[in-house]
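**Q** Sharing a structure here in structure tokens format.
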Amino acid sequence: MRRRKDKHHANHERWLVSYADFITLLFAFFVVMYATSKADQRKQAEAAAAINSAFQSLGLFQSATPTKQLQGATDAGSAPAATQDETVTPMNVVMGDQMLASPQVQEDFERIKRHLEGLLSNQIARHVVALRIGREGLIISLREAGFFDSGSAVPHPSSLATLGQIAEALRTTPYDIRIEGHTDNVPIHTDLFDSNWELSTARATHLARIFIVGHQFAPARLSASGYAEYHPTASNETADGRAQNRRVDIIVLPRVTTPASPAVHVPAAKPAAIAAAIPAPTATAEATARPLP
């Protein structure tokens, strides 16, 4: 007897196998994408911490609170590194053109600014002194016309009283101070200064010397630098703009440097004694200039 052939039934659900494979692949893809995004966040956090640390060492972009350490980066019992000579306490964070200082620092800067505005009202009215709170801190801008002869790095004797008022107003504050020399774009080449780099730096260092010698500032609080014509505040195309650019900026920074040993304070010297203590620059004097990009 002939065997009857079984009838083959078509399977209409075979697509489920391919669909399940497709869903599995999609799930694996999104898992990988999620894991990658988490890794990128960790790398970004590490990069941000490294950049923040680098700027803290320069006194910029300081944080009001210590930066959170990445998990596992250090042991709980490890001690922070300390310098032998001084400790720098950051007081602010800088973002764009705004200074996000602690409320106490902002209040201090406003108070110092108001005090200086009262002391220097005549100089401000004559536009030889300008005060503002900016990205880096409290900026006291001194125009060349009120403090220096053209091409000279030695402050004019008539300006020493004003410099003394500024120094005494800042001496009792705890904050660090950076003194910056600036010029216009007119080249200079004299027996004393080969370029605007030397002139701007010499002016800044002379003011720093006045603060240290004449008003007993702790040297660790001060720094001086020259920027030549590369940080203008106005256009060098006009005489008034060039006059605004020829300046020395005294910047009160929102950070505090505590020396290892306290500075010895002696009575403040009189302006004549200060002038005598400041030697004129020599042609062989080296200038420390920081070229900027």
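To convert, note that position 128 of the sequence shown is 128 in UniProt numbering; the numbers rise steadily by one, no gaps.
We put the CB at the ideal spot given by N, CA and C, even for glycine.
The structure displayed is predicted, hence computed values, not measured ones.
1. State the DSSP-derived secondary structure class of A220, mapped to helix, strand or coil.
2. Select from S200, T257, E237, N236 the residue whose C-alpha is nearest the C-alpha of D249.
3. Using only alpha-carbon positions, find the residue among G181, L222, R247, L25 that is nearest to L254.
4. Leaving out five residues before and five after D108 in sequence, what residues of the same chain have Cβ atoms less than 8 angstroms from its Cβ?
5. Under three-state DSSP, which class holds T257?
6. Considering only residues of the same chain and omitting the five flanking positions on each side of R242, which have a CB-CB separation below 6 angstroms?
7. What would DSSP say about A249, mapped onto helix, strand or coil?
8. If you draw a straight line from the C-alpha of F22 to the C-alpha of R14, how long is it?
9. Checking 8 angstroms against the spacing of the C-beta atoms, do L207 and Q165 come in under that value?
10. Identify, in the order they occur along the chain, each residue of the same chain with its Cβ nearer than 7 angstroms to the Cβ of H115, setting aside the five sequence neighbours on each side.
11. Among residues of its own chain, excluding the 5 on either side of H231, which ones have a beta-carbon nearer than 6 angstroms to its beta-carbon?
12. For V32 and F217, what's the separation of their Cα atoms in angstroms?
13. Quick check: the Cα distance between R178 and V256, rounded to an integer number of angstroms?
14. Taking 7 angstroms as the cut-off, is the beta-carbon of I179 closer than that to any non-hydrogen atom of the ligand FAD?
15. Check whether the Cβ atoms of E198 and Y227 lie closer than 8 angstroms to each other.
16. Could you say which of A204, Q244, V17, E117 lies nearest to L138 if we only look at CA atoms?
17. Under the assumption that V129 contacts I112 (Cβ atoms under 8 angstroms), give the Cβ distance between them as a whole number of angstroms.
18. Could you name the residues of the same chain whose beta carbon sits closer than 7 angstroms to that of R247, not counting the 5 residues immediately before and after it, in chain order?
19. Can you tell me whether L119 is helix, strand or coil according to DSSP?
20. Across which residues does DSSP place F148 in a beta bridge pair?
21. Measuring alpha carbon to alpha carbon, tell me which residue in T190, N122, F211, I133 is nearest S152.
22. In angstroms with no decimal places, state the Cα-to-Cα distance between L26 and L16.
23. Report the partner residues of V129 according to the DSSP bridge assignment.
24. Considering Cα atoms alone, identify which of Q123, R135, G146, A161 is closest to F211.
**A** Checking against the coordinates, here is how it stands:
1. Helix, per DSSP.
2. Ranking the options by Cα distance to D249, first place goes to S200.
3. Before going on, a small fix: residue 254 reads as Pro here, not Leu. Here the closest residue by C-alpha is L222.
4. Hits under 8 angstroms: T173, Y175.
5. Of the three classes helix, strand and coil, the one that applies to T257 here is strand, per DSSP.
6. Excluding positions up to five away in sequence, the list reads D184, N236.
7. The question names Ala, but residue 249 is Asp in the sequence shown. Of the three classes helix, strand and coil, the one that applies to D249 here is strand, per DSSP.
8. The alpha-carbon atoms of F22 and R14 are separated by roughly 13 angstroms.
9. No; because the gap between Cβ atoms is not below 8 angstroms, this pair is not in contact.
10. Around H115: A169.
11. If the five residues before and after H231 are omitted, its C-beta is found closer than 6 angstroms to the C-beta atoms of H182, all from its own chain and listed in chain order.
12. Within the model, the alpha-carbon separation for V32 versus F217 is close to 59 angstroms.
13. Straight-line spacing of the CA atoms in R178 and V256 works out to 12 angstroms.
14. The model on display carries no ligand, and the ligand FAD is accordingly not part of it.
15. With contacts defined as CB atoms closer than 8 angstroms, E198 and Y227 fail to qualify as a contacting pair.
16. For the options A204, Q244, V17, E117, the alpha carbon positioned closest to that of L138 is the one of E117.
17. Rounded, the Cβ-Cβ distance is 14 angstroms, inconsistent with contact.
18. Excluding its 5 nearest sequence neighbours in each direction, R247 has C-beta neighbours in its own chain below 7 angstroms: S141, L142, R143, E144, H182, listed in chain order.
19. L119 carries a helical assignment under DSSP once its states are collapsed to helix, strand and coil.
20. Residue pairing for F148: DSSP places it in a beta bridge opposite P155.
21. Comparing Cα-Cα distances from S152 to each of T190, N122, F211, I133, the minimum goes to T190.
22. Between L26 and L16, the C-alpha separation is close to 15 angstroms.
23. In the DSSP output, where bridge partners are listed per residue, V129 has L142.
24. Of all alpha-carbon atoms in Q123, R135, G146, A161, the one lying nearest the alpha-carbon of F211 is that of A161.
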